[in-house]
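**Q** The structure under discussion is supplied below as structure tokens; questions concerning it will follow.
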Amino acid sequence: LTKEGWLDVSRIGRRSFYRLSDKGLRLTRRAENKIYRAELPAWDGKWLLLLSEGLDKTTLADVKKQLIWQGFGTLAPSLMASPSQNLADVQSLLHDAGVAENVIFFEAHSPLALSRAALRSRVEECWQLTEQNAMYETFINSFRPLLPLLKEAPPEDLTPERCFQIQLLLIHFYRRVVLKDPLLPEELLPAHWAGQS
């Protein structure tokens, strides 16, 4: 985590002390917003397009990885898109990566009614929603048996400690799934999207 910039380390004698770096704090806050969001904001039909110019393959791959984590999809090797982004967050991410001068921003609007099926198909492919949907289904199927057990459990079995353990376990596995979710607007999701279950 230190090599990736998430943690800062300071040494005092033979002891090492770790703390979240500024980058780690920003990434943790972004993750927190994804994990604990109440609902997705309404989508206004706008797209943010990013066209990268003059980046070497390693830098481009690193920036793409960060943008995908933020909910972008890859439309072409150097063109990424997102239907719901805070422009300031994206600019900050690109600035932190040192590539802000190499990325051109565009805004576009999609009249969904005219191309809904084609757009959903393209989104499913570019955002790899089939794989994401399978992750949600695995999570749901893994924890679904827990609900009837909890409903039937005698109150003395549901101690605060046990409830906390269950909650911690649920959040841990849910986090693994939701952090990879691009959190796309409902209008763009496949018909049987398990992420809303």
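Position one of the sequence shown corresponds to residue 7 (the numbering used here), numbered consecutively onward. For glycine and all other residues, C-beta sits at the position ideal for the given N, C-alpha and C. All of these numbers come straight from a predicted model, not from anything done at the bench.
(1) Going straight from the alpha carbon of L46 to that of W53, what length do you get?
(2) With DSSP run on the structure shown, which of helix, strand or coil describes R25?
(3) Count the other C-beta atoms from every protein chain shown that fall within 10 angstroms of the C-beta of Y24, then say buried if there are 16 or more, exposed otherwise.
(4) So D68 is in the alpha helix (DSSP H); what residue range does that whole segment cover?
(5) Excluding five sequence neighbours on each side, which residues of the same chain lie with their C-beta closer than 8 Å to the C-beta of G11?
(6) Got a sec, what are the start and stop residues for the alpha helix (DSSP H) F179 sits in?
(7) Assuming P191 contacts P89 under a Cβ cut-off of 8 Å, what Cβ separation, rounded to an integer in Å, is found between them?
(8) For the pair the region 61-79 and the region 110-117, tell me if three or more CB-CB distances fall below 8 Å.
(9) Give the DSSP-derived three-state secondary structure of A44 in the structure shown.
(10) Whole angstroms are fine: how far does the CA of V15 sit from the CA of V35?
**A** To lay it out plainly:
(1) Along the sequence shown, read from residue 1 onward, the residue named residue 46 stands at position 40. Along the sequence shown, read from residue 1 onward, the residue named residue 53 stands at position 47. Rounded to whole angstroms, L46 to W53 spans 16 Å at the Cα level.
(2) Mapped onto the sequence shown, residue 25 falls at position 19. Residue state, collapsed to three classes: strand.
(3) Translated into positions along the sequence shown, residue 24 becomes position 18. It is exposed - the Cβ of Y24 has fewer than 16 other Cβ atoms within 10 Å.
(4) Indexing the sequence shown from 1 puts residue 68 at position 62. For D68, the enclosing alpha helix (DSSP H) has its first and last residue at K63 to W75.
(5) For the purposes of this step, residue 11 is taken as residue 5 along the sequence shown, with counting starting at 1. Once the five neighbours on either side are set aside, the close Cβ partners of G11 are S27, K29 and G30.
(6) In the sequence shown, the residue the question calls residue 179 occupies position 173. Membership of F179 in the alpha helix (DSSP H) is indicated by the continuous run P166 to V184.
(7) Residue mapping note: residue 191 aligns to position 185 of the sequence shown, counting from 1. Residue mapping note: residue 89 aligns to position 83 of the sequence shown, counting from 1. About 6 Å; that satisfies the 8 Å criterion.
(8) With the rule of 3 Cβ pairs closer than 8 Å, the region 61-79 does not count as touching the region 110-117.
(9) For the purposes of this step, residue 44 is taken as residue 38 along the sequence shown, with counting starting at 1. If DSSP states are grouped into helix, strand and coil, A44 belongs with coil.
(10) The count along the sequence shown starts at 1 and reaches residue 35 at position 29. The count along the sequence shown starts at 1 and reaches residue 15 at position 9. Val is not the amino acid found at residue 35; the sequence shown has Arg there. Between R35 and V15, the alpha-carbon positions lie close to 20 Å from each other.
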